[in-house]
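S.K.: Take this structure first; my questions come after.
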Amino acid sequence: MNDIIFTGIVIAVKILVVLAVTLGLGAYLTWYERKFAGHLQARLGPTVVGPFGLLQPLADGLKLMTKAPLLPRGIDTKLYYMAIMMALVPAIMLFAVVPFGPSFKILGHEIKPIVANLNIAILYLFAMGSMAAYGTLFAGWASNSKYAFIGSLRKAALIVSYEVVLGFAALSVVLLAGSMNVFDIVDAQIKSGIWYIVYQPISFVLFLFCLLAESGRVPFDIQEAEAELVTGYNVEYGGMKFGIFPLAEWYLNVLALCAIMAVLYFGGWSGPHLFGPFSGFIWFLAKTFGLLFFVLWVHWTLPRYQAKDVVEFAWKYLLPISILNLVGTAFLIYFKG
Amino acid sequence: MPWASEETLNRIKRSFRTVDVYKSPHFARISVENTHDITNVLKHLKDVEDFRYFIDFHVIDFPKEKERFLGQYILVNPYNFERLVVKVWFKSNKLPTAKNIFAGAKWAEREAYDMFGVEFEGHEDVKRMFMWEDYKHFPLRKDFPLGGIPEQRLPSLTELIEGNTLPPSHDYELMHTYVPTIQDIEKTEKSRITKRGQLVLNWGPLHPGTHGTMWFLFDLEGEHIIQTDVILGQLHRGMEKIAENLHYFQFLPYTDRMDYLSAVCSELSYVQSVEKLANIEVPLKAKYIRTMFAELQRINSHLLWLGTGALDLGALTVFLYAFREREKIMDLIEGNAGFRLTSAFLRIGGVHYDLAKGTLEVAKHFVKDFYSKLKEYNGLLTRNRIWLKRTKDVGIITQEDVYQYGLTGPVARGSGISYDMRKIDPYAAYDLVDFDIPVGDVGDVYDRYLVRMEEMYQSAKIVEQCIEALEKMPPNEPYVNKKHPVVIPPKEDVFNDLEDMVKSFRIVVHGENIPKGEIYSSGENPRGELGFYIHSIGKSSPYRLRIRSCSFYNLSVFPKVIEKHTISDAVALLGSIDPVVGETDR
Amino acid sequence: MASSINGNGFITTTVDELLSWGRRNALWPVTIGLACCAIEMMHAAASRFDVDRLGMIFRASPRQADVLIVAGTVVNKVAPMLKLVWDQMPEPKWCISMGGCASAGGPFPTYATLQGVDRIIPVDVYIPGCPPTPQGLIYGLLELQRKIREKKVTRYEKAFEEFKKELPPEILTGAGV
Amino acid sequence: MIKLKKLKRNDSLGPVETVLFLDFIKGLSITMKNLVRKPITTQYPKEKITPPRRFRGKHGHFVYDGQEPPSLKAIEGFMSFEKGKSRCVACYMCQTACPMPTLFRIEAIQMPDGTKKVVRFDMNLLNCLFCGLCVDACPVECLTMSDIHEMAVYRRSQAVLHINDMEQIGATNAKAVRELPDRIWRDDKERETLWGKVKWNF
């Protein structure tokens, strides 16, 4: 009986913690990116608002929230608002299958630092990833603007093509681990003592491309190519209604996928026990943010593909490569037992 | 540029009895008596005499004459570089169109209609070029006032909200010329393009991608553009009208604001054409200073092209790296001219100041590490597969297009045509420095990119040579030819020397009375050939000053090239043509 | 307003103070360049004078922006479009007229030029100069911040309604106000 | 006749480059190099870049302080100057030379003793090109331009310069600027953030 209560409490606590952390983190990732980009470009980034501009996200948030609500003419109001939810919710729900560290014990109960320890975590990941497309589509359709419309169509095409590649890329790792459960995947890597990036460099690169594409980062940010479509699908959104989109797409999405990537290819929280009980968590965060750093670095360096090339790239090159990679992995596993 | 030689003119004379020819060291023209011959004459010139490079067409207004308007074509023979001006009088404000002979004439004639209200037989869409559709007047006619005709009360809203009714300043006018309503603008837009595809996308006028305020209408089939039209005039400020109302030296600051990315080059083109008209000798030091700053300005302008072009194609960081170098050049120009962007540095007959102390060291320091910066830009873009994908074989401009539309500058050179004023008629000190002209062969965006990158390198080399030459010169070398009667003497002389003071009084009050005559002279701007046709009737201000704008003609090829490409390609192509609105619209 | 700028006789509650703090520290300008001044605006955004330090990032869509920096000559033909952009920006919004041309027609008293953008848009800060240096522009932005701090949030539309009554109709029809 | 330079375009990547993403790696290394470099930003309100000597900023009037050029000495007698006040002689040369003459409003009156006194000299900076033609035209070195470039105002009327402001500017900033050596810039320290060390030959 009180077991159930306890589990309930634990889950509630987990959800709250994850929500708080991710949303807060998402806000501060904007500061992180602005600083990073600034120094990459021989600038400073925010410095004036608070020490090192640390209060900048607060100011932005305040400003965005207190902007006057202004609805463009001729919009489809229901979809217009639904789009925001459809963009934000899947991005947050991605974190449900992110294991933040090794399991530990409290009052004799073993607790896994993950919201939902699904056996089909990877499938769930794909599902949520493709859900994100709807947010964009709705936004583009509802806001009655040509730029937004074109942008959303581009994004839809992009998501559709890259989901497939993402699937095959991740599946080859699943084959190696023999499970879709993130904990099992990490344990398998810890047991074998080798991270899967060693076995699966190709699938890692593919996954990276898909990450960039799904989260609308350069070189795949066709849906908000500023020079062509003013800001793409969210052109008609103002105030916090706008603020949600980059938060969800550029930051939460990227963060979650980076975490998953750390799990799939870099052995999650595996690493030498330098920091006592928390070393697992610290390793995990370190890997995640390392990957995030790399993503931003790419974003601020490369030019942008154009829409038709992006889709072509996915179907003509990435997909065959990923399939071959998967089949090859399968054969290897089959013959080497 | 060598003008058309005697024998060429005589050959033309022999084949057309009715034309009369005229030749002077700085000019060569044929004038066609019979208006209806003009088509044949142009055909003959293009096909037989190889004057196939269309440079400019413009109109002059003579209210007193019996036929009011005079049209002038400027053609170039691209094989032995001969330039020729063809004059023809309109017959009752009509002229047979030349757009079937030279495609570039299409826009030029539209502009002529917009500014003068002249008509062209056989030109189906003679529409307003710069003004909106139902604008009543024809601004460049002599009887139209510079300030326009005030029609509506348009007070300053800020003052109204403050609730004060007094005029905020002594030159504040309550009455204002007619400001079009949004309906007028929509009418203009509707009249331009008839929809054939799925949707018509308004790209601009206030859009981050369209360098300034250009306005493109894309008729889209999916992402592909099936037809397009460009609406100009969102920055039409009436430069040519202003020039007719100012003294020669007063118009100089305005040339900065035309092509605001290459101020010194524009000044140089203007100043040297006025000097040719009044035949003023320029001291050697001034020549070198002019060349050095013109080349610095060229680097400056190309850097902005690089930054914005890369930004349009998504490479966000190149923009800031390019601007880092721009800041240095800005420092150089600011230190000498006194202003960062619109530096009124040159003067008729020389330069405003001598070089400031330390300029040469700083310039050397800049050039030294500019080469390494160029390497960085190359490393970021040139071999990058995405960059190649976006630029290779996109927006190919053929040589025929170049001649037809009168494209100049890097756009022409990208297509392999070596048309560069600095070599053809060397104006400042370009005959004393050694540099070579990069040309591409395919004529796509990538070629234009390579050409501009190479030009930056060449300009840096020129700057180095100028620095050497200037270092050798004694410090008290004259930098302005103050002997000449129409040159304003430098400031310190005005205080100390009575004659100079009187002279400066005379010029400032009465203006330089340039002798009667006409001249067309051009310089090589970063965007192409910026030419000034000046028609002087011996007054203190030009009777007609025509600005042959390079961006205007370079842009005129855009609608043809962009067909069947995507929007993303349009961005790339526009970036590679690199127009400046201040110059397209004047 | 002149008196209020001198900042006497104001009791701003902490909430208002907080709001204005947020607003003045996250002023997002619209990416709209009209002429020469736009280049200096770009320079102000570029590495050397980096307005991102003050929390200003350029947004391309007017819906997401707070400040309209009118950078360059406003000619009659573009005026209605500019007005449209201004109307698309959500309150609270501010307008900086950068350079002489935008402020009063500048050196172009011609048939084609609008003699000052404040004839179609209420302007908060005028920046003389042709063009102003980036430092001059940033100074203007700081002045705007000061203005926001001292007179809380400007609500032009309300003030404007009252004057609309007194305005002769041709002004209102003039630029599609 | 013309020295041409045919550009060689090697516009296709080799297989190794393609597979190993060498082009991306090169770009990334360059940006990383810039990441570790020192930023070039001048933190404006805290540290400023002072414009050079020749900068054309806000206008000023040099005052009557016994350092006049010979040209003024000639006509001194006909003017009623005061020490520390403007030395303008109301010759309207600045207005004549200005491409935008309406921005000036100059008025002078006849004093009882027959001398001339300038009572009004307004300049509407909102219409000024800052081209410096007026300064060149001034025959008595009265009108000048200072290094003041922070000119933002809240009202049109505040952008109009009156004669007393100009006297004040002329007596302070413009005077200080005139004393400076004619160098390309005067603040080596601030410029170093962008330029690094420049080797001077003097």
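Chains as they are written, first to last, in this note's numbering: chain A, 1046 to 1382; chain F, 230 to 815; chain H, 268 to 444; chain Z, 3 to 204. Cβ atoms here follow ideal geometry from the backbone N, Cα and C, with glycine treated the same way. These numbers were taken from a predicted model, which means no experiment stands behind them.
(1) Report the residues of the region 344-360 of chain F with a CB closer than 9 Å to any CB of chain H, ordered along the chain.
(2) If distances are taken between C-alpha atoms only, which option among K8/Z, E84/Z, D67/Z and P47/Z comes closest to T174/Z?
(3) Any contact between the region 1351-1365 of chain A and the region 1257-1275 of chain A? By contact I mean 3 or more CB pairs, one from each, below 8 Å.
(4) Between which residues of its own chain and K119/Z is the CB-CB distance below 7 Å, once the five residues before and five after are set aside?
(5) Look up Y782/F in the DSSP assignment and give the residues it is bridged to.
(6) Would you mind telling me which residues of chain H sit closer than 7 Å to V1091/A, beta carbon to beta carbon, in chain order?
(7) What is the C-beta distance between E152/Z and Y406/H, in whole angstroms, given that I count them as a contact (C-beta under 8 Å)?
(8) Just the C-alpha distance for W1328/A and W1314/A, rounded to the nearest angstrom, thanks.
(9) Determine the DSSP secondary structure at A76/Z, reduced to helix, strand or coil.
(10) What residue range does the alpha helix (DSSP H) around T457/F cover?
(11) Taking Cβ positions only, does S314/H come closer than 9 Å to chain A?
(12) Please check the pair F359/F and L461/F, which I expect to be a contact at CB under 8 Å, by giving their CB distance rounded to whole angstroms.
(13) Note down, in chain order, every chain F residue with its Cβ under 7 Å from the Cβ of T298/H.
(14) Any contact of the region 803-815 of chain F with the region 516-524 of chain F, i.e. 3+ C-beta pairs under 8 Å?
(15) Identify whether V390/H lies in helix, strand or coil by the three-state DSSP scheme.
(16) According to DSSP, simplified to helix, strand and coil, what is R422/H?
(17) Near I1120/A, what residues of its chain come up, given a Cβ to Cβ distance below 8 Å and the 5 sequence neighbours on each side ignored?
(18) If you draw a straight line from the alpha carbon of I1167/A to that of N1226/A, how long is it in whole angstroms?
(19) In its own chain, which residues sit with a C-beta less than 8 Å from the C-beta of K793/F, not counting the 5 before and 5 after it?
(20) Leaving out the 5 sequence neighbours to the left and right, which residues in its chain are closer than 7 Å to A1304/A when beta-carbon positions are compared?
(21) Along chain H, which residues have their Cβ under 8 Å away from the Cβ of R158/Z?
(22) Using a Cβ-Cβ distance cut-off of 9 Å, determine whether K701/F contacts chain Z.
(23) Roughly how many angstroms separate the alpha carbons of G1312/A and G1325/A, rounded to a whole number?
(24) Under the DSSP definition of a beta bridge, which residues are partnered with H63/Z?
(25) What residue ranges within the region 352-390 of chain H form continuous alpha helix (DSSP H) runs of no fewer than 4 residues, ordered along the chain?
(26) Let me see if you follow: with CB-CB separation under 9 Å, is V800/F close to chain A or not?
(27) V738/F and E125/Z - do their beta-carbons sit closer together than 9 Å?
(28) Can you tell me which of the three DSSP states K824/F falls into?
(29) If you run the structure through DSSP and keep just helix, strand and coil, what is I289/F?
(30) Should L1377/A go down as buried or exposed, given a rule of 16 or more other Cβ atoms within 10 Å for buried?
(31) Which runs of the alpha helix (DSSP H) spanning at least 4 residues fall entirely within the region 692-729 of chain F, listed in chain order?
(32) In chain order, what residues of the region 1061-1080 of chain A put their CB closer than 7 Å to some CB of chain F?
(33) Is the CB-CB distance between P329/H and M365/H below 9 Å?
(34) What does DSSP give as the partner residues of F349/F in its beta bridges?
(35) I need the straight-line Cα distance from A337/F to K602/F, nearest angstrom please.
(36) Contact defined as beta carbons within less than 8 Å: I believe G1212/A pairs with F1183/A. What is the distance between those atoms, to the nearest angstrom?
M.R.: So, from the data block:
(1) F359 and M360
(2) D67/Z
(3) yes
(4) S82, A110, I111 and M113
(5) Looking at the DSSP assignment, Y782/F forms no beta bridge with any residue, so it has no partner.
(6) Inspection of the sequence shows that residue 1091/A is occupied by Pro rather than by Val. What P1091/A touches in chain H: D319, R320 and G322.
(7) 4 Å
(8) 5 Å
(9) helix
(10) T457/F -> not in any alpha helix (DSSP H); beta strand (DSSP E) instead, spanning H453 to I460.
(11) yes
(12) 6 Å
(13) P437
(14) no
(15) coil
(16) Its pLDDT being 48, under 50, R422/H is placed unreliably by the model, and the measurement read from it follows with that caveat. Coil, per DSSP.
(17) A1187, S1188, N1189 and E1281
(18) 7 Å
(19) H453, I454 and I455
(20) V1143 and T1333
(21) S370, A371, G383, D385 and Y393
(22) no
(23) 11 Å
(24) L145/Z
(25) 366-371
(26) yes
(27) In the sequence as presented, Glu is not what sits at residue 125/Z; that position holds Met. No. Outside cutoff.
(28) This structure gives no information on residue 824/F, because the portion of chain F shown stretches from 230 to 815.
(29) strand
(30) exposed
(31) 720-725
(32) none
(33) no
(34) L324/F
(35) 40 Å
(36) The pair is not a contact, with the Cβ atoms about 24 Å apart (cut-off 8 Å).
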